[in-house]
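In what follows, a structure is listed as structure tokens, so that the remarks can point back to it.
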């Protein structure tokens, strides 16, 4: 079932947390809402869940408007950042809760009295086998009788997913579920959650501030900033083809290098000490921002052939790669260059390096951070 | 040598605390325990050893049986009612957007006021002829108030036989002077005084429940507030409840001011609670032996009750 958001606005007093958001989430996709903290992504998720009511706009699930439907009736499952497991119940009981509330009638749920109904036994039996099955999928069968307090962070995470999984909801809503885990486990759980999505084939709506999680897991990602969705697209296209300077800077680690540039009347773009081969396809003139990702810059040995020079301030060793941090000769701009270990042997802090740019990969942004399309220059 | 010196130093550091603990906490209880086996009176230089006679009286004489019964009834009524009211008030106040502090202050007023002073107010209010309670009730006779509270409008109820109608005929009760009403009235004042305290404790407990847990319950399909209360709020309040039950029970066992000021144990010992009995025997009649014996029984009861509560509740309560 598709989930559609139409012109959602949420304001808290005078502050606007979500500002006219339209979003169409297709059935079965893994959509990530990503953005810096305070951008309104969690609020948007909670509006979908029904835990927060929007100031205006409407949410529909499978074609039906659910604005007046309570969270308990929307058939969505949520995994909270704090996991929100019931601390007084065992893992099995935690996972039983949603099924008990859905499948058992009020009298069957009653303590003692409920046992008098033979239908309760058969239902409980069915619930039990569903939980055993889910526990097996998540490899938590051996933890079923423990209390959440006796589990590690990663195990609690799995239980929270399990509790969401057992009742086969329309969609899973996940609010930064990995941010309380340590780095290694976080990377591991990324693949697990992706795998879970592949096997369940249910819609996942996943909120994170970590662009790496968004890039690695999602089928589509929506980048949010200041309450607005700036771009919704596949991770590949968001990375290669950002529509907005803020998207370009947010997605990708380390950040994209941005240089100030200028467009002349012919559309030629000048930045630092060099100009780009391509020209602006629109008649824009004036100041622009020219962006190069660290992997689109390279160290040029010897004199000549470089586009600008850089004074090395820091060498960051990531094993397979090095990131060279430096200042451009004019002293105003910090740059990060990605290089191989071979290229940086002999480079030390304080050295002057010649840097070449992969000019076709440059991204140019004009006024109000909007992307400017480029086309091959006619003068070549 | 060094070891012995340090050990000596260690003991001398601990000694003052140990001495104080014995002298202030344990010795008085031991003295009471010894006195309870005698017929000692204050001022006498000697006393006779009675062995278990005082205790025998407590468990066989009808006036002491009434004492145990009055105390038990008082605790059994005041504890559950004041806890239920305190919890209900806390839940209601917790759900308020504004005005919570005002309600908290108002409900907490009886706790802050000295019970003895408030007992005098209640005595005036409950006075059979000039008290505001009976005057108000009498004012309702013959009017729509009587019609309503005679329940005649409920089918199958005879309005003539109702409490309100017959009281209008024969006069309203002497709240503190009739056997039927005295203990209930004392209980009412006890509840009035205690529930604000329980409310504050429960409010503190409620703020400790993470909001996400309640929301998780809503997402898991808990539709009604009652379902969310059963699933999350009540179990999460477990530790608070243990504390509230223990404190309220002990405080109820210790009720004294209202009885002393309003009924002095009467009528016919229906409000003769243990604290008042101790006061009457040991202070008014100078029967220290008997007073001590009741004190020891009182102490035992409170200890057994507390231990029982801890044992029963601890196994079921989750401390996170």
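Protein chains in written order, with our numbering: chain A, 2 to 381; chain B, 7 to 326. In this text, a Cβ means the ideal position worked out from N, Cα and C, and glycines have one as well.
C-beta neighbour in chain B for residue i, strict 9 Å
i: residue 13 of chain A; result: no
i: residue 147 of chain A; result: no
i: residue 125 of chain A; result: no
i: residue 50 of chain A; result: yes
i: residue 8 of chain A; result: no
i: residue 99 of chain A; result: yes
i: residue 381 of chain A; result: Any reading at residue 381 of chain A must be qualified, since the residue scores a pLDDT of 46, below 50, and its modelled position is unreliable; the value itself is stated next. No, residue 381 of chain A does not count as interfacial toward chain B.
i: residue 168 of chain A; result: yes
i: residue 241 of chain A; result: no
i: residue 387 of chain A; result: Past the boundaries of the shown model lies residue 387 of chain A; chain A is included only from 2 to 381, so the question cannot be answered.
i: residue 93 of chain A; result: no
i: residue 159 of chain A; result: no
i: residue 164 of chain A; result: yes
Buried or exposed (CB count within 10 angstroms, at least 16 for buried), residue i
i: residue 105 of chain B; result: exposed
i: residue 54 of chain B; result: exposed
i: residue 309 of chain A; result: buried
i: residue 44 of chain B; result: buried
i: residue 381 of chain A; result: Low local confidence applies: a pLDDT of 46 at residue 381 of chain A is under 50, so the model's placement there is unreliable, and no value is given.
i: residue 126 of chain A; result: exposed
i: residue 240 of chain B; result: exposed
i: residue 11 of chain A; result: buried
i: residue 295 of chain A; result: buried
i: residue 347 of chain A; result: exposed
i: residue 41 of chain B; result: buried
i: residue 200 of chain B; result: buried
i: residue 333 of chain A; result: exposed
i: residue 65 of chain B; result: exposed
i: residue 69 of chain A; result: exposed
i: residue 174 of chain A; result: buried
i: residue 118 of chain B; result: exposed
i: residue 265 of chain A; result: exposed
i: residue 219 of chain A; result: buried
i: residue 42 of chain A; result: buried
i: residue 250 of chain B; result: buried
i: residue 298 of chain B; result: buried
i: residue 191 of chain B; result: buried
Three-way DSSP call (helix, strand, coil) for residue i in this model
i: residue 4 of chain A; result: strand
i: residue 309 of chain A; result: strand
i: residue 131 of chain A; result: helix
i: residue 104 of chain A; result: helix
i: residue 58 of chain A; result: strand
i: residue 27 of chain A; result: coil
i: residue 368 of chain A; result: helix
i: residue 260 of chain A; result: strand
i: residue 287 of chain B; result: helix
i: residue 70 of chain A; result: coil
i: residue 11 of chain A; result: strand
i: residue 54 of chain B; result: coil
i: residue 190 of chain B; result: helix
i: residue 342 of chain A; result: helix
i: residue 174 of chain B; result: helix
i: residue 293 of chain A; result: strand
i: residue 258 of chain B; result: helix
Minimum Cβ-Cβ distance from residue i to chain A less than 9 Å
i: residue 295 of chain B; result: no
i: residue 218 of chain B; result: yes
i: residue 225 of chain B; result: yes
i: residue 13 of chain B; result: no
i: residue 291 of chain B; result: no
i: residue 103 of chain B; result: no
i: residue 316 of chain B; result: no
i: residue 221 of chain B; result: yes
Exercise for the section: Determine which residues of the segment 67-89 of chain A have a Cβ less than 9 Å from any Cβ of chain B, and write them out in chain order. Expected result: 71, 72, 73, 74, 75, 76, 77, 78, 79, 81, 82, 83, 84, 85, 86, 87, 88, 89
Practice task
Please name the residues in the segment 226-249 of chain B whose beta-carbon is closer than 8 Å to at least one beta-carbon of chain A, in chain order.
Solution key: 226, 227, 228, 229, 233, 237, 238, 241, 242, 244
Problem - 4 or more residues per run - each alpha helix (DSSP H) lying fully within the segment 151-216 of chain A - result: 154-166, 184-201
Practice task
Determine which residues of the segment 84-113 of chain B have a Cβ less than 8 Å from any Cβ of chain A, and write them out in chain order.
Solution key: none
Practice task
Entirely within the segment 59-117 of chain B and at least 4 residues each: give me those alpha helix (DSSP H) ranges in chain order.
Solution key: 59-66, 68-100
Exercise for the section: Pull out every residue of the segment 95-120 of chain A whose Cβ sits closer than 7 Å to any Cβ of chain B, in chain order. Expected result: 98, 99, 102, 103
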